[in-house]
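Residue numbers (full-length UniProt numbering): 1 to 304.
Structural data, given as structure tokens:
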């Protein structure tokens, strides 16, 4: 089946350099990495990189799967890669759109953000605040709508850039949909995308419904990246994941859902095609809605 695709949630990294609640994440070869506490995880599937997942590798993967464009997001899991992400987008301007990130606790965070937006040209800024793999994993808990980000979000809104937030899963201190709603209402002209459909896991149907209702706002979108990953140990076609997406369609509307994959890590469990095909085979959307989710909605929220 021919379908136009924009992958609105991908990653590249020149050298894996993650950091989180388990300390630094060091690549050890074979697509695997070790946290400072000794835990080892698989990061990159065989054949796509030993210690890195490069722009060239992602470009080849996307072209093989007939993907028109992709958004390059960043986070603590793989490590911040602002210059490499920008270089990747400049090397493949017809394919990649770059997003910046920084740690708001840095002394020069506001200067960094100003440089990223006004000197380097980023039009998307992402913050991974999650307790599991983001800022609240290695800083104390904080309010996302509080003083830590207040000036930062104002800068993004004033610049007309898109804000992307990964607030983790239900049950985490970082899971603050009401805080995101406050930010959206404080900056009604700023487009906000929340990653991973609020990252529900098995059993999270009711709390997902509540979070979606709180965030059913004109300037808030949701990407569907890693929905299959988060319902493990379910396998294709991920019936619980399909149910979560159906709930989102009913609650916020198909026009607020944006497809993405979160590659490379999901490819350690599933092939690329199935990361979109499960939505098609779930009979969740009409043909027009599916075209919106897989392609058009990304253009509404991102500068594509």
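Ideal Cβ placement from N, Cα and C applies to all residues, glycine included.
Is the beta carbon of residue 29 closer than 8 Å to that of residue 45? Position 45 of the chain shown, counted from the first residue, corresponds to residue 45. Position 29 of the chain shown, counted from the first residue, corresponds to residue 29. At least 8 Å separates the beta-carbon of residue 45 from that of residue 29.
Which class does residue 117 belong to by DSSP, given the choice of helix, strand or coil? The residue labelled residue 117 in the question sits at position 117 within the chain shown. Helix.
Close beta carbons around residue 128, own chain, < 7 Å, minus the five adjacent residues each side: Working through the chain shown from its first residue, we reach residue 128 at position 128. Excluding positions up to five away in sequence, the list reads 75, 76, 134, 135 and 166.
Which first and last residues belong to the beta strand (DSSP E) in which residue 6 is found? Residue 6 sits at position 6 when you count from the first residue of the chain shown. Counting along the chain, the beta strand (DSSP E) containing residue 6 begins and ends at 5-10.
In three-state DSSP terms, what is residue 183? Walking along the chain shown from the start, residue 183 turns up at place 183. Note: residue 183 maps to helix in three-state DSSP.
Closest by CA to residue 228, which one among 238, 191, 61 and 2? On the chain shown, position 228 is the one that residue 228 refers to. When each option's Cα is compared against that of residue 228, the closest is 238.
Whose CA, out of 132, 268 and 114, lies closest to the CA of residue 199? Your numbering for residue 199 matches position 199 in the chain shown. Of 132, 268 and 114, the residue nearest in Cα terms is 132.
Please state whether the Cβ-Cβ distance between residue 207 and residue 176 is less than 8 Å. Indexing the chain shown from 1 puts residue 207 at position 207. Indexing the chain shown from 1 puts residue 176 at position 176. Result no, Cβ atoms of residue 207 and residue 176 do not sit closer than 8 Å.
Mind listing, in chain order, the continuous alpha helix (DSSP H) runs of no fewer than 4 residues lying wholly within the segment 46-94? 55-64 and 82-91
DSSP-derived helix/strand/coil call for residue 29: Numbered from 1 along the chain shown, position 29 holds the residue referred to as residue 29. Strand.
For residue 214, which three-state DSSP category applies? Residue 214 sits at position 214 when you count from the first residue of the chain shown. In the structure shown, residue 214 adopts helical secondary structure according to DSSP, grouped into three states.
Contact between the segment 58-67 and the segment 147-157 (3+ Cβ pairs under 8 Å): no
List the residues that DSSP assigns as beta-bridge partners of residue 192. Within the chain shown, the letter at position 192 stands for residue 192. According to DSSP, which records beta bridges pairwise, residue 192 is partnered with 163 and 220.
Sequence-distant residues of the same chain with beta carbon closer than 6 Å to residue 217, five excluded per side: Counting from 1 along the chain shown, the entry for residue 217 is found at position 217. Here the set comprises 184.
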